[in-house]
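Accompanying notes for the structure given below.
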Amino acid sequence: MFKSVFLKYISAFMLIYIGCMLILFSVINTQINMYSVRTKTNTLSNASLFIADTVEDDYESFLRSATVGGVNFVNYVFFNTKEISHTVDLMGANPDKILVLITDDRGNILLTGGFEGAKDFLDEVSGKKTKLPDSLISSLKKNDNDNFISDLEGLLDEDYVVYARAVHGKSDEMIGTVVTCSTRSGVNDLLQSTIKVILIATLWLLLGALVAVYIISERLVSPLRAMSRAAKEFAAGRFDVRVPTHGKDEVSELAKAFNNMASSLETNEETRRLFLANVSHDLRTPMTTISGFIDGILDGAIPEDKREYYLGIVAGEVKRLSRLVSALLDITRIQAGERKFNKTNFDICELCRQVMISSVQRIEEKELDVRFDFDSDNMFVFADEDAIHQVMYNLVDNAVKFSYNGGVFEIKVEDAQQKIKVSVFNEGQGINEEDINYIFDRFYKGDKSRGLDKSGTGLGLYISRTIIEAHGETITVESEHGSWCKFTFTLEKGKQKRKASQV
Numbered sequence: 002m003f004k005s006v007f008l009k010y011i012s013a014f015m016l017i018y019i020g021c022m023l024i025l026f027s028v029i030n031t032q033i034n035m036y037s038v039r040t041k042t043n044t045l046s047n048a049s050l051f052i053a054d055t056v057e058d059d060y061e062s063f064l065r066s067a068t069v070g071g072v073n074f075v076n077y078v079f080f081n082t083k084e085i086s087h088t089v090d091l092m093g094a095n096p097d098k099i100l101v102l103i104t105d106d107r108g109n110i111l112l113t114g115g116f117e118g119a120k121d122f123l124d125e126v127s128g129k130k131t132k133l134p135d136s137l138i139s140s141l142k143k144n145d146n147d148n149f150i151s152d153l154e155g156l157l158d159e160d161y162v163v164y165a166r167a168v169h170g171k172s173d174e175m176i177g178t179v180v181t182c183s184t185r186s187g188v189n190d191l192l193q194s195t196i197k198v199i200l201i202a203t204l205w206l207l208l209g210a211l212v213a214v215y216i217i218s219e220r221l222v223s224p225l226r227a228m229s230r231a232a233k234e235f236a237a238g239r240f241d242v243r244v245p246t247h248g249k250d251e252v253s254e255l256a257k258a259f260n261n262m263a264s265s266l267e268t269n270e271e272t273r274r275l276f277l278a279n280v281s282h283d284l285r286t287p288m289t290t291i292s293g294f295i296d297g298i299l300d301g302a303i304p305e306d307k308r309e310y311y312l313g314i315v316a317g318e319v320k321r322l323s324r325l326v327s328a329l330l331d332i333t334r335i336q337a338g339e340r341k342f343n344k345t346n347f348d349i350c351e352l353c354r355q356v357m358i359s360s361v362q363r364i365e366e367k368e369l370d371v372r373f374d375f376d377s378d379n380m381f382v383f384a385d386e387d388a389i390h391q392v393m394y395n396l397v398d399n400a401v402k403f404s405y406n407g408g409v410f411e412i413k414v415e416d417a418q419q420k421i422k423v424s425v426f427n428e429g430q431g432i433n434e435e436d437i438n439y440i441f442d443r444f445y446k447g448d449k450s451r452g453l454d455k456s457g458t459g460l461g462l463y464i465s466r467t468i469i470e471a472h473g474e475t476i477t478v479e480s481e482h483g484s485w486c487k488f489t490f491t492l493e494k495g496k497q498k499r500k501a502s503q504v
């Protein structure tokens, strides 16, 4: 199993699992990064706005209090470094360790601050680089603020979340910038923690899923393996093997269907054996009789005055062989679909009377109590008359053959709305309960001892059922063993023919 179905299942499952994990981690990484960047951007924005507003207000006060001309933003920062640094450090005292840069309008860094050691950190990272990228300055001159993720062209040691805001002078021109930066290390820590938790949970789920896949695949493969073994037994001619069934899922239904097929094969095999035995007997017996009497006549062992009598016996045996061959040919034609049915309107009551008349001699020999029960003297059906005659002959022949001497024999024709129902009833030995489900199978003979059915082939009822079903109708049997038996079939109702008016 580990080389076939289980391996395929687990390989497919692992591929799906890995794909889902990659998608999940990608989504989580994107969402956490977006959330963290959005949160940090809001924090940096508030800090930049506060510092910029404070610097702008102080710068205006500084300009009003200046006693000399030529004062600019650079002078302001130089002379107010302590006060500005206090404000900057206050905003930088944040768990995210905000780094604050204040520059002039060209991007030259005038002051750094924020978290403790921010100046030393910047000096260590950037070396002699003391200027913001020109692209950022150009952007701020067009827009008051800008936010992005960057290392500021090497000024920082890695990509930071950056928020830049322009500082405006009295005449609303840009005199400098306030840039706040925050590391993304917190994002990575959160991401790693989240992935770790999810990974541990999914590993437990994977273990449970592996066990579930193993159990499910074993439940699926076990009946299939049993069916494979049973099929090999069938190939060897042993049809008594069955597959265990459990539950009501599709595999169990398949196993049940397989067992039903096995039962049918076993029944067909048994029927085939019985048929071969019956046909062999039916062929051997008359051929032996014919051969013996012909040889006796040719050798002169049979007196001349007895030859006519024995030739009559030979003729009867030939007819018996003819019936067997005709039945076999009929079966072959039916199986090949070569037999066509020509449907016409005819009187089923009249057909029943004709079949009854053809069996009158045997009926009289058994002194049967014959009864006719017709809803009307003339009842028309739409069917193949020759085929239905064959069905009626088979049913009547069986009924007479298996009737008790002096028993009731009845043919009944009923008008059942759009159908005509025909029944053949007889009092006799009936059919065993174990035989009644197979009585219409080909080559099946309920009288296995051949005590009464000496001339039958086991094909009559099979042919009858095939003919009735070819008409789109049904044939059924009811019986009480040792008491009675009744065969019933339906036919499509035909158009009633009008009688010619008398002149």
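With positions in the sequence shown counted from 1, the corresponding number in our numbering is that position plus 1. We put the CB at the ideal spot given by N, CA and C, even for glycine.
Range of the contiguous alpha helix (DSSP H) that encloses residue i
i: Ala471; result: 461–471
i: Ala388; result: 386–402
i: Tyr77; result: 74–80
i: Leu141; result: 135–143
Beta-carbon proximity check, residue i vs residue j, cutoff 8 Å
i: Leu141; j: Ala165; result: yes
i: Gly431; j: Ser480; result: yes
i: Lys413; j: Leu492; result: no
i: Leu64; j: Ser86; result: no
i: Ile110; j: Lys83; result: no
i: Ser404; j: Leu460; result: no
i: Asp135; j: Gly108; result: yes
i: Asn379; j: Cys350; result: yes
i: Ser37; j: Thr181; result: no
i: Lys344; j: Phe383; result: yes
i: Ala231; j: Val222; result: no
Same chain only: Cβ atoms within 6 Å of residue i, ignoring 5 sequence neighbours per side
i: Ile469; result: Ile476, Phe490
i: Ser450; result: With a pLDDT of only 45 at Ser450, under the threshold of 50, the placement of this residue in the model should not be trusted, and no figure is reported.
i: Asp426; result: Going by the sequence as given, residue 426 is Phe instead of Asp. Taken in chain order, the residues that qualify are Glu411, Lys487.
i: Asp348; result: Asn379, Phe381
Run of the beta strand (DSSP E) containing residue i, from where it starts to where it stops
i: Phe244; result: In the sequence under discussion, the amino acid at residue 244 is Val, which differs from the Phe named in the question. Per DSSP, Val244 belongs to no beta strand (DSSP E) and is neither H nor E.
i: Ile358; result: Here Ile358 belongs to no beta strand (DSSP E); instead the alpha helix (DSSP H) covers 349–359.
i: Phe490; result: 485–493
i: Asp412; result: Note that residue 412 is Ile in the sequence shown here, rather than Asp. That run of the beta strand (DSSP E) goes 409–417.
i: Glu170; result: Looking at the sequence provided, one finds Gly at residue 170 rather than Glu. Gly170 -> no beta strand (DSSP E), and no H or E assigned at all.
i: Ile427; result: Note that residue 427 is Asn in the sequence shown here, rather than Ile. Segment 420–428, the beta strand (DSSP E) holding Asn427.
i: Asn438; result: No beta strand (DSSP E) holds Asn438; DSSP gives it neither H nor E.
i: Leu112; result: 110–115
i: Leu369; result: Unbroken run through Leu369: none, as it is neither H nor E.
Through-space distance from residue j to residue i, alpha-carbon basis
i: Ala417; j: Asn406; result: 32 Å
i: Ile52; j: Val89; result: 7 Å
i: Val315; j: Val423; result: 37 Å
i: Arg220; j: Met262; result: 21 Å
i: Asp374; j: Glu415; result: 8 Å
i: Leu23; j: Glu234; result: 49 Å
i: Val56; j: Arg39; result: 25 Å
i: Ile33; j: Asp190; result: 11 Å
i: Gly483; j: Asp300; result: 48 Å
i: Leu329; j: Val212; result: 58 Å
i: Tyr311; j: Glu365; result: 25 Å
i: Phe80; j: Asn148; result: 29 Å
i: Ser12; j: Val214; result: 11 Å
i: Lys197; j: Asn30; result: 12 Å
i: Arg334; j: Lys9; result: 48 Å
i: Leu137; j: Met35; result: 22 Å
Selection from the options that minimises the alpha carbon distance to residue i
i: Arg28; options: Pro287, Ile199, Asp106; result: In the sequence on display, residue 28 carries Val and not Arg. Among Pro287, Ile199, Asp106, the Cα nearest to that of Val28 is on Ile199.
i: Thr195; options: Thr467, Gln419, Leu25; result: Leu25
i: Val168; options: Asn438, Asp158, Leu102, Asn433; result: Leu102
i: Ala227; options: Ser253, Gly238, Tyr215; result: Ser253
i: Arg308; options: Leu322, Ser323, Ile291, Phe488; result: Ile291
i: Arg354; options: Gln193, Met15, Arg372; result: Arg372
i: Leu156; options: Glu174, Leu123, Val162, Val179; result: Leu123
i: His472; options: Asp58, Leu91, Val392; result: Val392
i: Glu271; options: Leu255, Gly297, Phe240, Pro287; result: Phe240
i: Thr268; options: Ile17, Asn76, Tyr439; result: Tyr439
i: Gly115; options: Lys367, Met92, Thr104; result: Met92
C-beta neighbour in chain D for residue i, strict 8 Å
i: Val315; result: Absent from the structure is chain D; it holds one protein chain and no more.
Close beta carbons around residue i, own chain, < 8 Å, minus the five adjacent residues each side
i: Lys257; result: Thr246
i: Lys455; result: Bear in mind that the predicted position of Lys455 carries a pLDDT of just 49, short of 50, making it too unreliable to give a figure here.
i: Asp160; result: Ile150, Ser151, Asp152, Arg185
i: Glu61; result: Lys171
i: Leu453; result: The predicted model places Leu453 with a pLDDT of 49, which falls under 50 and marks its position as unreliable; any figure quoted below should be read in that light. Cβ neighbours of Leu453 beyond the five flanking positions: Lys402, Phe403, Gln430.
i: Leu45; result: Ile99, Asn148, Val162, Val163, Tyr164, Thr181, Cys182, Ser183
i: Asp331; result: Arg340, Leu460, Ile464
7 Å CB neighbourhood of residue i in its chain, flanking five on each side removed
i: Ala388; result: Phe342, Ile468
i: Ile437; result: Val478, Ser480
i: Val397; result: Val356, Met357, Ser360, Val425
i: Glu434; result: His482
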